[in-house]
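Some notes on the structure that comes next.
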Amino acid sequence: MPIMYRLVALIAVLLGLVLCGAYIGHLHNQTRQARAEARTAQEALKRTQATLAHREKLRAATGRETASARASLQAAEAAHPDWASTPVPKEVQDALCAHLDCAGPDGLRSTPNDSP
1 MPIMYRLVAL IAVLLGLVLC GAYIGHLHNQ TRQARAEART AQEALKRTQA TLAHREKLRA
61 ATGRETASAR ASLQAAEAAH PDWASTPVPK EVQDALCAHL DCAGPDGLRS TPNDSP
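Listed below in structure tokens is the structure:
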């Protein structure tokens, strides 16, 4: 085989190796980028899960407090049936109106004064 063919074959092989090396480098960079994006997504998932767990704890605590308040109110109503027909004292109305909108047609609404 003449030397020229060997030289062309050698150049073709070397060019193929350079291209393969460049392609492998490109794949390596894509792999590193994908791993970084996966780490970022995993961190975001952990934060979201922590937030959801915290909200679930708050929801459960609110449910327990609501049930306790409801039971306490029912016990108070059962112990004092005359409260339903007794007018609310003025000082109690004033204390409630400090935190509620009392301008409604029924006297009290559950909208705080500082809400828009």
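Residue 80 in our numbering sits at position 80 of the sequence shown; the count goes up by one each step and never skips. Backbone N, C-alpha and C define an ideal beta-carbon position, used for all residues, glycine too.
Grouping DSSP H, G and I as helix and E and B as strand, with all else coil, what is residue i?
i: L100; result: coil
i: H26; result: helix
i: P89; result: coil
i: P112; result: The predicted model places P112 with a pLDDT of 48, which falls under 50 and marks its position as unreliable; any figure quoted below should be read in that light. It is coil, neither helix nor strand.
On the CB-based measure, 16 or more other CB atoms within 10 Å of its CB, does residue i come out buried or exposed?
i: N113; result: Confidence at N113 is low in this model, with a pLDDT of 46, below 50, so the placement of that residue should be treated as unreliable; the coordinate-derived value is given next. Counting Cβ neighbours within 10 Å, N113 comes out exposed, since fewer than 16 surround it.
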